[in-house]
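Novice:
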C-alpha cells in the first residue's frame, strides 16, 4: 500500500524570487534546473559571492547580495498577479530514470537523503520504484519529489507559465517573449549544463513490465494528469511521445500593475 502523503510539503522553499524585478522561478530538479539557474545569473546586477555554485539553492538564498531569496509555494502564489512565475516540467517516467541513473548508478556514493530513504547504489530499478512509491513526500529526496508537489499548493498550480523539457527550445523562446512583454531583462540563450543522457526515448528497458509502470503511476499520477494529460501512458513510459507536449500557460499577457 502506498504511504500517506504529507500535507505541509508545499511550505518548502522551491521558488527563487528576484527582489528588484517581478520574476519568480519554480525550480524542479532534473528538469534542466542547472541550465535555467545558470541563465538566471545573467539577471543579477552584482557579481555573486564566491564559493557557492548557482546550481545550489543556497546560492539563491545567500549568495546574491540580497538580489534573490527562496520562497514557498504559498508566498509565490500570492504574487502571481504582480510577478511572472515560470517553471519547466518533464515526463515523470523520464525524470525517474534520470534521477535513478544520476544518483544511484553514475556517482560513487548515494546522496544522504536517498540513503535515508533506503535507496542503495545500483539497486534494481523495480526495487527503487517500490521504495519511492512507499515514501512520504516529506521523506523524499527533492530529485524524486513529484513535480505537482513542488509547483502546486492546495490543488492550485502556482506558476502562470510552465514549459516542457521535451519542447525546451521552443518553450524557452516563448518564455523569452513573455519576459519582454513584462518589461523584464533579456534572459538570453539557455546554456547546456549537466546534460548526461543523450535521449529521452530509452525508457523501455526500465518500464518493461506492467508492475514498473504501475509503481510509477502510483506515485506520479498527478504529474501526468496535470502536465501530460494529452499523452498516452504507454508512450510516456517509453519516451516516444506522439507529439510535442503543449505549453501550460495561465496568463498569456502581463497582468495587474504590469499590464
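In the working numbering, the protein residues as written are 7 to 265.
Here a beta-carbon is modelled for each residue, glycine too, at the ideal position from N, C-alpha and C.
1) Using C-beta distances below 8 Å, list every residue in its chain close to residue 174, excluding the 5 sequence neighbours before and after it, in chain order.
2) Pull up the distance between the alpha-carbon of residue 252 and that of residue 243, whole angstroms please.
3) Grab me the residues of residue 106's own chain with a C-beta within less than 7 Å of its C-beta, minus the 5 sequence neighbours each way, in chain order.
4) Under the assumption that residue 169 contacts residue 178 (Cβ atoms under 8 Å), give the Cβ distance between them as a whole number of angstroms.
5) Assign residue 210 to one of two classes, buried (16 or more other C-beta atoms within 10 Å of its C-beta) or exposed (fewer than that).
6) Straight-line CA distance for residue 25 to residue 75?
7) Unbroken alpha helix (DSSP H) runs of length 4 or more, entirely within the stretch 22-106: which are they?
8) Could you name the residues of the same chain whose beta carbon sits closer than 6 Å to that of residue 152, not counting the 5 residues immediately before and after it, in chain order?
9) What does the alpha-carbon distance come out to for the pair residue 124 and residue 139?
10) Please name the residue in 212, 46 and 256 whose C-alpha comes closest to that of residue 166.
11) How would you write the range of the alpha helix (DSSP H) that residue 233 sits in, first residue to last?
12) Does the structure place the stretch 85-99 close enough to the stretch 18-36 that three or more beta carbon pairs sit under 8 Å?
13) My guess is that residue 221 and residue 237 are in contact by the Cβ rule of under 8 Å, so how many angstroms apart are they, rounded?
14) At what residues does the beta strand (DSSP E) containing residue 167 begin and finish?
Specialist: Per the coordinate set shown:
1) For residue 174, same chain residues with a beta-carbon under 8 Å away, outside a window of 5 residues either side, are 38, 94 and 196 in chain order.
2) 18 Å
3) 131 and 134
4) 7 Å
5) exposed
6) 8 Å
7) 39-46, 63-68, 79-83 and 98-106
8) 226 and 229
9) Residue 124 and residue 139 have their C-alpha atoms some 12 Å from each other.
10) 256
11) 216-233
12) yes
13) Incorrect: roughly 19 Å between the Cβ atoms, too far for contact.
14) 167-170
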